[in-house]
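**Student:**
Residue numbers (the working numbering): 536 to 688.
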């Protein structure tokens with residue numbers, strides 16, 4: 536049986552091997568769609584909406600539903616992180632290797648204009664750990680702070 540491969544890179548390249556290893560490390564098979572979507576995020580910084588990924592991979596002929604399912608699978612496997620921004624569009628980005636650490640980047644979202652920025656190394660301090668949901672104690676969260684940006688006053 537032939538394994539699906541990423542046609543953007545020759546089989547056996549270090550990049551493809553790293554992508555396949557990342558998928559294997561979380562128990563996922565290396566399909567063409569998964570490799571393409573994961574490669575997309577490894578070659579671009581920041582968070583990207585489903586539509587952006589579909590557009591970028593258009594020549595690969597993946598349908599919108601396939602790309603969305605792959606985004607969800609990679610997010611569930613903690614290879615990607617999905618967040619919903621002020622414009623109510625879910626965006627995905629690479630999960631950081633230290634995603635379980637106490638300090639992480641927080642997304643700042645302006646409640647007026649929707650502009651986003653990043654606060655590096657934010658920490659969440661709990662007054663009463665006994666009352667906190669278990670996900671917080673396991674450090675399974677993303678910080679998103681709604682503010683009024685300097686431009687909006």
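Idealized CB from N, CA, C, for every residue including glycine.
1) Please identify the residue among 682, 667 and 623 whose C-alpha is closest to the C-alpha of residue 652.
2) Can you list, in chain order, the stretches of the alpha helix (DSSP H) that have 4 or more residues and sit fully within the segment 633 to 681?
3) Is the beta carbon of residue 627 sitting closer than 8 Å to the one on residue 606?
4) Touch check for the segment 546 to 563 and the segment 591 to 602: three-plus C-beta pairs under 8 Å?
5) Just to confirm, is the Cβ distance from residue 630 to residue 643 under 8 Å?
6) Looking only at DSSP bridge pairs, what is residue 628 linked to?
7) Is the beta carbon of residue 619 closer than 8 Å to that of residue 584?
8) Could you tell me the alpha carbon to alpha carbon distance between residue 576 and residue 666, rounded to whole angstroms?
9) State buried or exposed for residue 672, treating a residue as buried only when at least 16 other CB atoms are found within 10 Å of its CB.
10) Could you give the C-beta distance for residue 570 and residue 551, rounded to a whole number, given that I count them as a contact under 8 Å?
**Tutor:** By the coordinates alone:
1) Answer by Cα proximity: 682.
2) Entirely contained in the segment 633 to 681, the alpha helix (DSSP H) runs reaching 4 residues are, in chain order, 669 to 672.
3) Against a cut-off of 8 Å, the Cβ pair of residue 606 and residue 627 comes out as a contact.
4) These segments do not touch.
5) Cβ distance not < 8 Å, so residue 630 and residue 643 don't count as in contact.
6) Within the DSSP bridge table, the entry for residue 628 names 616 as partners.
7) Taking C-beta atoms as the reference points, residue 584 and residue 619 fail to come closer than 8 Å.
8) Residue 666 has its alpha-carbon roughly 36 Å from the corresponding atom of residue 576.
9) By the neighbour-count rule (16 or more Cβ atoms within 10 Å), residue 672 is not buried but exposed.
10) Going by Cβ atoms, the distance from residue 570 to residue 551 rounds to 7 Å, so yes, they are a contact pair.
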